[in-house]
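**Student:**
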Ligand code: SF4
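Residue numbers (the UniProt record's numbering): 1 to 305.
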């Protein structure tokens, strides 16, 4: 293979150079995740990665940003050298990497400083939930205290995105999931919070838990959980629902696109937008029209993730 393309990147990295530092995920146990279930984890040889970096302009339009994949490039023993090489080779405004909360917790501060000096600017991390029971249920392999520790530690060096999944605890744990997730965000203070709504992929272990341990949220419950999450965030962060999984649909198309804004300054406007969406859902359902969530749309083959 001439160039090893990573199979996944966040929407915010759509225009970035993509560099595959590791293949797959060594953890690979999160119940909601189907991303790397068929990929054998391996750490790529440094020489291959540097060769891919040399060849980036052949495969991508000129870019000012670069993204490191797959699940956790920061575990590569030569990651500082790789980031430095990339940063010196191209004029980049930002280098971003996926990583895990455990990795940040374990990493010495000197290594984080070296990564910053080498050019790493932003990390994307899966928090998913700040609720202990939900984290355990979905086998995230972390506890809320580690999520707080990692966020505080990483923010000294990088911009930090925490991903959150609404609906992850099901109807059963919705309120606790929202409140405890907001609590972790308030303590960890990530720069960005990116919300996804739980959409069940057939190859993800969570598909076997639906209807047993986890009851999927309907449209109104999804909005109420998002509302509670935002209402309870008091720290400064930019929250965005920048993914189709947050959308709600009528038979004629999307009726809700999620919300985005700076918290706490734009909280009232965001909550008003959600309240309006809740009213719309109630009206539509009263008139007999079902509002479709990302799960409904995915099952119907009307959206891809
Ligand atoms: S969510 Fe991240 S850590 Fe969990 S299995 Fe998927 S890639 Fe691995």
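Ideal placement from N, C-alpha and C gives every residue a C-beta, glycine not left out.
Thinking just about the alpha-carbon of each residue, which of 103, 302, 207 and 271 is nearest to the one in residue 254?
**Tutor:** Out of 103, 302, 207 and 271, 302 has the C-alpha closest to the C-alpha of residue 254.
**Student:** Name the two residues that bound the continuous beta strand (DSSP E) containing residue 196.
**Tutor:** Looking at the DSSP string, the run of the beta strand (DSSP E) that includes residue 196 is 192-197.
**Student:** Tell me the rounded alpha-carbon separation between residue 230 and residue 271.
**Tutor:** C-alpha separation (whole angstroms): 8 angstroms.
**Student:** Tell me the start and end of each unbroken beta strand (DSSP E) in the region 203-257 that is at least 3 residues and wholly inside, in chain order.
**Tutor:** Taking only runs of at least 3 residues, the beta strand (DSSP E) segments lying wholly in the region 203-257 are 237-240, 248-250 and 253-256.
**Student:** Would you say the beta carbon of residue 32 is closer than 8 angstroms to some non-hydrogen atom of the ligand SF4?
**Tutor:** Indeed, a heavy atom of the ligand SF4 lies less than 8 angstroms from the Cβ.
**Student:** Could you tell me the boundaries of the alpha helix (DSSP H) in which residue 21 lies?
**Tutor:** Residue 21 -> no alpha helix (DSSP H), and no H or E assigned at all.
**Student:** Let's see if you can read the secondary structure: which residues bound the alpha helix (DSSP H) around residue 59?
**Tutor:** Unbroken alpha helix (DSSP H) run through residue 59: 46-59.
**Student:** Report the rounded CA-to-CA distance for residue 300 versus residue 128, giving the unit in angstroms.
**Tutor:** Going by the C-alpha atoms only, they are around 25 angstroms apart.
**Student:** Going along the chain, which residues of its own chain have a beta-carbon closer than 7 angstroms to the beta-carbon of residue 118, five neighbours each way excluded?
**Tutor:** Only 80, 83, 84 and 87 meet the Cβ criterion.
**Student:** For residue 218, is the classification buried or exposed, using 16 other Cβ atoms within 10 angstroms of its Cβ as the cut-off for buried?
**Tutor:** Under this definition residue 218 is a buried residue.
**Student:** Tell me, to the nearest whole angstrom, how far the beta carbon of residue 53 is from that of residue 96; I am working on the premise that it is less than 8 angstroms.
**Tutor:** At roughly 15 angstroms, the Cβ-Cβ gap does not stay under 8 angstroms, so residue 53 and residue 96 are not in contact.
**Student:** Which partner residues does residue 95 have in the DSSP bridge list?
**Tutor:** Answer is 66 and 120.
**Student:** Are the Cβ atoms of residue 181 and residue 246 separated by less than 9 angstroms?
**Tutor:** No, these two residues do not count as a Cβ contact at 9 angstroms.
**Student:** On the criterion of 16 or more Cβ atoms from any shown chain inside 10 Å, does residue 252 qualify as buried, or is it exposed?
**Tutor:** Exposed, since its Cβ has fewer than 16 Cβ neighbours within 10 Å.
**Student:** With distance defined between alpha-carbon atoms, name the residue in 14, 192, 37 and 102 nearest to residue 60.
**Tutor:** Closest by alpha carbon: 14.
**Student:** Is the number of C-beta pairs between the region 151-169 and the region 185-192 that are closer than 8 angstroms three or more?
**Tutor:** A contact exists between the region 151-169 and the region 185-192.
**Student:** Report all residues from its chain with a CB closer than 7 angstroms to the CB of residue 241; omit the five preceding and five following residues, and keep chain order.
**Tutor:** The answer, listed in chain order, is 195, 258, 259 and 260.
**Student:** Can you name the start and end residues of the alpha helix (DSSP H) that residue 104 belongs to?
**Tutor:** First-last of the alpha helix (DSSP H) with residue 104: 101-106.
**Student:** Report buried or exposed for residue 40, applying the criterion of at least 16 other Cβ atoms within 10 angstroms of its Cβ.
**Tutor:** Exposed, because fewer than 16 other Cβ atoms sit within 10 Å of the Cβ of residue 40.
**Student:** With a 10 Å radius around its C-beta and 16 neighbouring C-beta atoms as the bar for buried, classify residue 199 as buried or exposed.
**Tutor:** Buried is the call here.
**Student:** Tell me which same chain residues have a C-beta within less than 7 angstroms of the C-beta of residue 171, skipping the five on either side of it?
**Tutor:** Here the set comprises 215, 217 and 221.
**Student:** Following a CB-centred definition, is residue 51 positioned closer than 8 angstroms to any heavy atom of the ligand SF4?
**Tutor:** For the ligand SF4, not one heavy atom lies less than 8 angstroms from the Cβ of residue 51.
**Student:** Could you tell me how far apart the beta carbons of residue 93 and residue 64 are, in whole angstroms, since I believe they sit closer than 8 angstroms?
**Tutor:** 5 angstroms between Cβ atoms; contact.
**Student:** Please confirm whether any heavy atom of the ligand SF4 lies closer than 8 angstroms to the CB of residue 100.
**Tutor:** Result yes, Cβ under 8 angstroms from the ligand SF4.
**Student:** For my contact list, residue 148 and residue 125 are in at a C-beta cut-off of 8 angstroms; report their separation, rounded to the angstrom.
**Tutor:** Wrong, their Cβ atoms sit about 12 angstroms apart, outside the cutoff.
**Student:** Given a cut-off of 9 angstroms on the beta-carbon distance, is the pair residue 178 and residue 228 in contact?
**Tutor:** Cβ atoms of residue 178 and residue 228: closer than 9 angstroms.
**Student:** Based on the DSSP secondary-structure assignment, which residues constitute the bridge partners of residue 165?
**Tutor:** Residue 165 is bridged to 196.
**Student:** Inspect the beta-carbon positions of residue 204 and residue 33 and report whether they are closer than 9 angstroms.
**Tutor:** Yes, these two residues count as a Cβ contact at 9 angstroms.
**Student:** By the 10 Å Cβ neighbour count, where 16 or more other Cβ atoms means buried, how is residue 202 classified, buried or exposed?
**Tutor:** When all chains shown are included, residue 202 counts as exposed.
**Student:** Helix, strand or coil for residue 306, going by three-state DSSP, please let me know.
**Tutor:** Since the first and last residues shown for the chain are 1 and 305, residue 306 lies out of range.
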